[in-house]
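Residue numbers (my numbering): 927 to 1191. Positions of the beta carbon are idealized from the N, C-alpha and C atoms, including for glycine. A quick note: this is a predicted structure, and the numbers were derived from the prediction, not measured.
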């Protein structure tokens, strides 16, 4: 995002019973065998050994076969921060020329996240910052991807931040999404959780009040565009993997042990 962490501004605002296979195939099979028996059997002779074994095998109790329902397709919303609206934080060289924008970094990561989620079987909507589809948006989860200032602040200005949408009807699920995101992102990237610079603007992110209140949401700043710039650009696949694993953790109700350890500046 645009400014230093302390002054950053965000855009506010029971499974059904599984069906069992019919026993009709077994009944039909036995009928075929019996028909064969009466056709081929000569009075006074014993049953052919192989036919007797077949009848015995068919009449024996068979293991129950249960149809497994298809896995559900989960819808996930990914907001590419600032896309379609503005540049977000702007990085310049010594001469003042623009070398990088937050919007570009966000979009690259968002594309990778979408690709990885699609490969895992999710249904994914890639959304702009102010996207008409956000109004009443319904999904299992929505994650908005951003990054922090290009300016050098101090040597502690490195790491990521995650804030939940407390406007959700289920605050517990909202908190769990955040914990999953923090835990998995930290495990995958090795970056510290920069808890001390989460601002009210992150918690009041505009999309949180636009989406359906049953949609659980969070906003993540994947790093600082100064000290973390090289990692965010050259290890973008790892950044995306951390986000995807966080979503997986939440959707699949995975364990988040060991608990994450916040690192404050």
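- Residue 1073 and residue 1126 have their C-alpha atoms roughly 16 Å apart.
- By the neighbour-count criterion, in which a residue is buried when 16 or more other Cβ atoms sit within 10 angstroms of its Cβ, residue 1057 is buried.
- Of the other Cβ atoms in all chains shown, fewer than 16 fall within 10 Å of the Cβ of residue 1025; this residue is therefore exposed.
- Boundaries for residue 1081: no beta strand (DSSP E) harbours it, and the DSSP string shows neither H nor E there.
- Burial is judged here by how many other beta carbons sit within 10 angstroms of a residue's own beta carbon; residue 1110 has at least 16 and is buried.
- DSSP places residue 1068 in the uninterrupted beta strand (DSSP E) bounded by 1067–1074.
- Of all C-beta pairs linking the stretch 1089–1105 to the stretch 1150–1166, fewer than three are shorter than 8 Å, placing the two stretches out of contact.
- Per the DSSP secondary-structure output, residue 1090 pairs in a beta bridge with 1144.
- Rounded to the nearest angstrom, the gap between the Cα atoms of residue 1061 and residue 1103 is 21 Å.
- Annotation for residue 1163: 1038 place their beta carbon closer than 7 Å to its own, counting only its chain and skipping 5 residues before and after.
- Judged by DSSP secondary structure, residue 1168 falls within the alpha helix (DSSP H) whose first and last residues are 1162–1177.
- Note that the C-beta distance between residue 1087 and residue 1035 is not below 8 Å.
- Between residue 1075 and residue 1027, the alpha-carbon positions lie close to 10 Å from each other.
- Counting only the Cα atoms, residue 1067 lies some 12 Å from residue 1170.
- Short of 8 Å from the beta carbon of residue 1043, and not among the five residues preceding or following it, lie these beta carbons of its own chain, in chain order: 1002, 1004, 1050, 1170, 1173.
- Secondary structure note for residue 1053: its beta strand (DSSP E) is the uninterrupted segment 1049–1053.
- Nearest to residue 1080 by alpha-carbon distance, out of 1108, 1142, 1154, is 1154.
- Here residue 1048 is buried: its Cβ has 16 or more other Cβ atoms, across all protein chains shown, within 10 Å.
- Ranked by Cα distance from residue 1006, the first of 1055, 1017, 1145 is 1055.
- For residue 1022, the number of other beta carbons within 10 angstroms of its own is below 16, and it is reported as exposed.
- Across the structure, residue 1063 and residue 1135 are spaced so that their CA atoms are roughly 10 Å apart.
- Between residue 1114 and residue 1167 the beta-carbon gap is near 5 Å, inside 8 Å, which marks them as a contact.
- Short of 7 Å from the beta carbon of residue 1099, and not among the five residues preceding or following it, lie these beta carbons of its own chain, in chain order: 1142.
- Around the beta carbon of residue 1009, a 10 Å sphere encloses 16 or more other beta carbons of the protein chains shown; the residue is thus reported as buried.
- 8 Å or more divides the Cβ of residue 1133 from the Cβ of residue 1069.
- Taken atom to atom, the span from the alpha-carbon of residue 1177 to that of residue 1030 is near 28 Å.
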